[in-house]
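Keeping their order, the protein sequence lines are chains V and A. In this text, residue positions in the first sequence follow this note's numbering: the first is 310, and each later residue adds one. In this text, residue positions in the second sequence follow this note's numbering: the first is 2, and each later residue adds one. Cβ coordinates follow ideal geometry from the N, Cα and C atoms, glycine included. Note that this is a predicted model, so its numbers are computed, not measured.
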Amino acid sequence: MSHQSGTFPAPCGQKACQVLKDRNICIQVLVMIQHLQRRVDEHLKQLPTTRQRLHLAKQKQAQSTHEQEALLDHLIRQMVNFLKSRATGGLEQQVSLLSLECRGNVRSAQRAQSSRQPGQLVLQWSDIEPAFVSHDLSNRGSEICVLYHSSFQDYNAYQGDKYQEDKNTLGFINLGTSENKLCIDLITERLGQSDMNCIEDVLLQYPDWRGQPFLREEVARFLTYYCKAPAQLDPENVVVLNGCCSVFSALAMVLCDPGEAFLVPTPFYGGFAFSSHLYAKVELLPVHLESKITEANTHPFQLTVDKLEHTLLQARFMDKKVRGLVLTNPQNPLGDVYSRESLKEYLEFAKRNDLHVIIDEIYMLSVFDESITFHSVLSMERLPDPNRTHVIWGTSKDFGISGFRFGALYTHSKEVASAVGSFGYLHSISGITQHKLCQLLRDREWIDTIYLPTNHFRLQKAHAYITNTLQSLRIPFLCRGSGLYIWINLKKYLNPCTFEEERLLHRRFLDNKLMLSCGKAYMCKEPGWFRLVFADRPLRLKLAILRFCEVLEEQKQDWKEKQLADAMKE
Amino acid sequence: MSTLAQTESGTPTTCAGPASTQDLGSSYGDCLQGECSRKPDQKLPELHGVGDPVMFSSNSSYLSSRGRMIKWFWDSAEEGYRTYHMDEYDEDKNPSGIINLGTSENKLCFDLLSRRLTQPDMQWVEPSLLQYPDWRGHLFLREEVAKFLSFYCKSPAPLKPENVVVLNGCASLFSALATVLCEAGEAFLIPTPYYGAITQHVHLYGNVRLAYVYLDSKVTGTDTRPFQLTVEKLEMALQEATSKGVKVKGLILINPQNPLGDVYAPGELQEYLVFAKRYWLHVVVDEVYMLSVFEKAVGYRSVLSLERLPDPQRTHVMWGASKDFGMSGLRFGTLYTENPDVATAVASLCRYHGLSGLVQYQMAQLLRDRDWINQVYLPENLARLKAAHTYVSEELRALGVPFLSGGAGFFIWVDLRKYLPEATFEEELLLWRRFLDKKVLLSFGKAFECKEPGWFRLVFSDKAHRLRLGMQRVRQVLEEKAQVAEDPPPCQTQEPSDQRR
Numbered sequence: 310m311s312h313q314s315g316t317f318p319a320p321c322g323q324k325a326c327q328v329l330k331d332r333n334i335c336i337q338v339l340v341m342i343q344h345l346q347r348r349v350d351e352h353l354k355q356l357p358t359t360r361q362r363l364h365l366a367k368q369k370q371a372q373s374t375h376e377q378e379a380l381l382d383h384l385i386r387q388m389v390n391f392l393k394s395r396a397t398g399g400l401e402q403q404v405s406l407l408s409l410e411c412r413g414n415v416r417s418a419q420r421a422q423s424s425r426q427p428g429q430l431v432l433q434w435s436d437i438e439p440a441f442v443s444h445d446l447s448n449r450g451s452e453i454c455v456l457y458h459s460s461f462q463d464y465n466a467y468q469g470d471k472y473q474e475d476k477n478t479l480g481f482i483n484l485g486t487s488e489n490k491l492c493i494d495l496i497t498e499r500l501g502q503s504d505m506n507c508i509e510d511v512l513l514q515y516p517d518w519r520g521q522p523f524l525r526e527e528v529a530r531f532l533t534y535y536c537k538a539p540a541q542l543d544p545e546n547v548v549v550l551n552g553c554c555s556v557f558s559a560l561a562m563v564l565c566d567p568g569e570a571f572l573v574p575t576p577f578y579g580g581f582a583f584s585s586h587l588y589a590k591v592e593l594l595p596v597h598l599e600s601k602i603t604e605a606n607t608h609p610f611q612l613t614v615d616k617l618e619h620t621l622l623q624a625r626f627m628d629k630k631v632r633g634l635v636l637t638n639p640q641n642p643l644g645d646v647y648s649r650e651s652l653k654e655y656l657e658f659a660k661r662n663d664l665h666v667i668i669d670e671i672y673m674l675s676v677f678d679e680s681i682t683f684h685s686v687l688s689m690e691r692l693p694d695p696n697r698t699h700v701i702w703g704t705s706k707d708f709g710i711s712g713f714r715f716g717a718l719y720t721h722s723k724e725v726a727s728a729v730g731s732f733g734y735l736h737s738i739s740g741i742t743q744h745k746l747c748q749l750l751r752d753r754e755w756i757d758t759i760y761l762p763t764n765h766f767r768l769q770k771a772h773a774y775i776t777n778t779l780q781s782l783r784i785p786f787l788c789r790g791s792g793l794y795i796w797i798n799l800k801k802y803l804n805p806c807t808f809e810e811e812r813l814l815h816r817r818f819l820d821n822k823l824m825l826s827c828g829k830a831y832m833c834k835e836p837g838w839f840r841l842v843f844a845d846r847p848l849r850l851k852l853a854i855l856r857f858c859e860v861l862e863e864q865k866q867d868w869k870e871k872q873l874a875d876a877m878k879e
Numbered sequence: 002m003s004t005l006a007q008t009e010s011g012t013p014t015t016c017a018g019p020a021s022t023q024d025l026g027s028s029y030g031d032c033l034q035g036e037c038s039r040k041p042d043q044k045l046p047e048l049h050g051v052g053d054p055v056m057f058s059s060n061s062s063y064l065s066s067r068g069r070m071i072k073w074f075w076d077s078a079e080e081g082y083r084t085y086h087m088d089e090y091d092e093d094k095n096p097s098g099i100i101n102l103g104t105s106e107n108k109l110c111f112d113l114l115s116r117r118l119t120q121p122d123m124q125w126v127e128p129s130l131l132q133y134p135d136w137r138g139h140l141f142l143r144e145e146v147a148k149f150l151s152f153y154c155k156s157p158a159p160l161k162p163e164n165v166v167v168l169n170g171c172a173s174l175f176s177a178l179a180t181v182l183c184e185a186g187e188a189f190l191i192p193t194p195y196y197g198a199i200t201q202h203v204h205l206y207g208n209v210r211l212a213y214v215y216l217d218s219k220v221t222g223t224d225t226r227p228f229q230l231t232v233e234k235l236e237m238a239l240q241e242a243t244s245k246g247v248k249v250k251g252l253i254l255i256n257p258q259n260p261l262g263d264v265y266a267p268g269e270l271q272e273y274l275v276f277a278k279r280y281w282l283h284v285v286v287d288e289v290y291m292l293s294v295f296e297k298a299v300g301y302r303s304v305l306s307l308e309r310l311p312d313p314q315r316t317h318v319m320w321g322a323s324k325d326f327g328m329s330g331l332r333f334g335t336l337y338t339e340n341p342d343v344a345t346a347v348a349s350l351c352r353y354h355g356l357s358g359l360v361q362y363q364m365a366q367l368l369r370d371r372d373w374i375n376q377v378y379l380p381e382n383l384a385r386l387k388a389a390h391t392y393v394s395e396e397l398r399a400l401g402v403p404f405l406s407g408g409a410g411f412f413i414w415v416d417l418r419k420y421l422p423e424a425t426f427e428e429e430l431l432l433w434r435r436f437l438d439k440k441v442l443l444s445f446g447k448a449f450e451c452k453e454p455g456w457f458r459l460v461f462s463d464k465a466h467r468l469r470l471g472m473q474r475v476r477q478v479l480e481e482k483a484q485v486a487e488d489p490p491p492c493q494t495q496e497p498s499d500q501r502r
């Protein structure tokens, strides 16, 4: 076989050779950039430290970082242009993704430097680079890395530096991730009871991949009761996987072919974009909603059938095949609950257009304002198109156990259930966990008399604390009675009101060890919105608000200084 | 020498070309549901059907074309599994039900496991276990896995927790590795017979295919034993795949081997790794049976024990609790790779393949308990495996049935070629069906892509009473068959020359 060995391992075809060649060029450019960075860092380190020279050095530093940024931007742009002209699709996409990311990092690195941490620039680059130049990953593997990195960078930073009352008081407080941390005491106590610790042989053996029958039966009973279904739900229509994102990913796989799309009203939970793209390569087409109240909009960010029709028409015009509509109810990040009538309208719109409806009701038991009635889609007397209506629910939010990894699908379509079920062995849940979940869902008495009332009471209190604070700060927000978060408007702190400024403000929160989510992550059309999660313990919440106010104060101060400087110039 | 398992279906709507449909059918046959076999009379729809809405249109209007294909393969596989599940053997309730000697599960040590898992240290609940985790796996578990593998794989230097990624089972791990190492349509080399479920694992999300390295039972040339893997065969398979325009990205090795129950000698392993390095191939080594080597004389060596790996950046090892700890329902699988890019890329997918925090905690407790593992669990487990193996091999010998078994794993690779009137896979399926009619479930060779019809995998790691009953039923079928075929068919004479036990 030796005659083969000379040519074999190289990727066959000219295209592939080109990719390799271009990759090499990329590497060279990256090496150059790194070299430059190192020089700058050395330069910074050598800066004189005496007080008199410090002022001068500061100016120099600012200047040099500015030059540096310009240079890097220039280089990256050149690189992108070069690749655009020559490289193949996959790589090009990566690079453009990367370039966005890099530029972000260059800027944040600049800030890091001005707060005298010269090491950071190189460090951040080295975080990105391996994912990009790796010869060991496929293109899609590299893309997954870059995408993941860009989406979860902050989250990873938080995982490594969490605030802890006694051990790490300077750590991150996370009001960005939607987790309910208010009832951990109740859950811990319940999970510690002896009925949770049963070990049977069926739990340790290969399961039914759609979920153990005992759990699917319990889920069906649970949803029948809490969704107020007119008739008993069927366990055969239930599929149980390790989390709602897995359910969504599998649904995208079996409902769409690659390149097809779902409609989704924005702002929406950004995880959907990740889940539909990562494996399934399904696109999300935003139905943009606006905060302004007009004749058609009776409340901010109102979803109307007109807007749905409009987006669908646009999609058809662009020759995009739309397969479904994704709704979240209660809405995330708005906290809205759809009325029965609007829900019906949306479903009828979908039916008219042969669209599936995926409806995520993961916050259905987190409606803490008693005056609000939540209507599950499963409560409807007659669904317009039952075989195309697919409901997702899980315990992550309503029971505050995101670490359990449990998500359930309920669909009337046996076909969809069985197709999603074929992904079961890639998204399966441990039998032991299935037993615990079953015990938890079965304990109606505990849920109704202890857990839910306490949880709602604590959510109300935390919500009231935050909304009062926001009011006193004169920060506009949507006051809703469901979910774990508040959608707040920080437009007035942005000058100018752009997504770039939004990003900078977000960064500033992070620099002050406070995690919030910015509107851009929800594909919100208007800059300046943030999602603030309030379902945390009072102590952390208080500290978080302190940090929050500090940042806004800084931001205001900066603005004033800038105005002053501008005025002086004139 | 090699055949491609699947057609390329990277393009959006057309998923399979006509030429490949037969391959698709055969490779999907078994193993989907806890590796059970497909109903033999299940036939693929006509060629152009796969991916063509017209062919799948009968009440299938709710799924996309790939969704229809996924469902079709699933349903056809589930058929056989359903037969078993509708009529599962139960000592008291259903004594005439089906005995499952087809699924590779260790049911011998449930008593030890349940005792250990119900001890108070297993019931720990704390907030961090209930919240979103580090997607690579909790650090405490990754540390424990690194220590565990260092010890049991006899690694020359301590293994590092940052090279460990934890997922919900090895199926997920195959899927994730295929996705991040290959583009859609690219392939892994795999020696056959092999654990057939891998076909589905790498295809479902990853759209990656397998290029087979066919091995023969006949000992020829430089081979010293049946189904021997050699570098020459690897070279040929690689060459053939390439000549068909298929890009091969890696090699999958299962060690101890499934279904052969054999282990690779360290020298051989080294050769395969050097071969892979020569062609820039990744090597995925599935060592999920590494602690189930019950024959003391067998010198098993983990790839992690090698003093110097030829290409450490492209060598990825997987292990899990399904086999060695008999807990396939726990869903624990782990990757060890020195390549940080691969670890990060797999971890990026872990949002979708995560494991409950409480189970991660229990797993760490179990792996940490070296006393229990070394003094209670392993000795007892290996003794029970050996006893069960001895019983089944005695039975087979009494029946005059040739078989292969290398002292590892839960199964014996049985040569029933002489019971086939004709050496075809149709006859193999008929025989398999005959077993099922007699209420014993085995796995047939085609499900492992064995090139020669007539091989079956028989799992022996079950409780004595079930095993005895199962073997009785096997004996019944074979004796009946022998009576029917009074004139011995010509293929009967061909037997593996080296019968290992």
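Against chain V, with Cβ distances strictly below 9 Å, would residue i count as a contact?
| i | result |
| --- | --- |
| M123(A) | yes |
| K72(A) | yes |
| D370(A) | no |
| T104(A) | yes |
| Q69(A) | A quick correction: the sequence has Arg, not Gln, at residue 69(A). Cβ-Cβ to chain V under 9 Å: yes for R69(A). |
| M319(A) | no |
| V343(A) | yes |
Got a sec? Which residues, its chain only, sit under 7 Å from residue i by beta carbon, not counting five neighbours each side?
| i | result |
| --- | --- |
| C507(V) | H744 |
| P595(V) | V573, T575, M832 |
Looking only at its chain, what residues have a beta carbon closer than 6 Å to the beta carbon of residue i, apart from the 5 residues adjacent to it on each side?
| i | result |
| --- | --- |
| F57(A) | Unreliable positioning characterises F57(A) in this predicted model, as indicated by a pLDDT of 43, which lies under 50. The coordinate reading is nonetheless provided below. For F57(A), where only same-chain residues beyond five positions count, the Cβ hits under 6 Å are R69. |
| L368(A) | E145, F149 |
| A346(A) | V181 |
| C110(A) | G327, N382 |
Take residue i as the anchor and find which of the options has the nearest alpha-carbon.
| i | options | result |
| --- | --- | --- |
| H86(A) | L446(V), P522(V), L491(V) | P522(V) |
| W281(A) | D112(A), Q201(A), Y273(A) | Y273(A) |
| P567(V) | E428(A), L442(A), A185(A) | A185(A) |
| S503(V) | E296(A), Q124(A), Y153(A) | Q124(A) |
| I784(V) | L813(V), P762(V), K770(V), R840(V) | R840(V) |
Within the continuous beta strand (DSSP E) that includes residue i, where are the two ends?
| i | result |
| --- | --- |
| Y213(A) | 210-215 |
| T720(V) | 716-720 |
| V456(A) | Checking the sequence, you will find Trp at residue 456(A) rather than Val. Looking at the DSSP string, the run of the beta strand (DSSP E) that includes W456(A) is 456-460. |
Following the continuous alpha helix (DSSP H) through residue i, name the residue where it begins and the one where it ends.
| i | result |
| --- | --- |
| I701(V) | Segment 698-703 is the beta strand (DSSP E) holding I701(V); no alpha helix (DSSP H) there. |
Using a C-beta cutoff of 9 Å, does residue i count as contacting chain A?
| i | result |
| --- | --- |
| K490(V) | yes |
| T763(V) | no |
| Q433(V) | Unreliable positioning characterises Q433(V) in this predicted model, as indicated by a pLDDT of 32, which lies under 50. A coordinate reading is not provided. |
| M505(V) | yes |
Quick one: what's got a C-beta closer than 8 Å to residue i's C-beta in the same chain, skipping five residues either side?
| i | result |
| --- | --- |
| S680(V) | G790 |
Taking Cβ-Cβ distances below 8 Å as the criterion, which residues of the segment 107-120 of chain A are in contact with chain V? Within the segment 107-120 of chain A, the qualifying residues are K108, F111, L114, S115, L118, T119.
Contact list for the segment 181-199 of chain A against chain V, Cβ threshold 7 Å: Listed by position, the residues of the segment 181-199 of chain A near chain V (Cβ gap below 7 Å) are V181, L182, C183, E184.
Contacting positions in the segment 727-751 of chain V - beta carbon closer than 8 Å to chain A: Those residues of the segment 727-751 of chain V placed with their C-beta closer than 8 Å to a C-beta in chain A are S727, A728, G730, S731, F732, Y734, L735, H736, S737, I738, S739, G740, I741, T742, K745, ordered along the chain.
Relative to chain V, which residues along the segment 234-250 of chain A have a C-beta separation below 8 Å, given in chain order? Hits within the stretch, in order: E236, M237, L239, Q240, T243, G246, K248, K250.
Cβ-based contacts, 8 Å cut-off: residues of the segment 551-571 of chain V near chain A: Identification of residues in the segment 551-571 of chain V having a C-beta nearer than 8 Å to some C-beta of chain A yields N551, G552, C554, S555, S558, M562, V563, L564, C565, D566, P567, G568, E569, given in sequence order.
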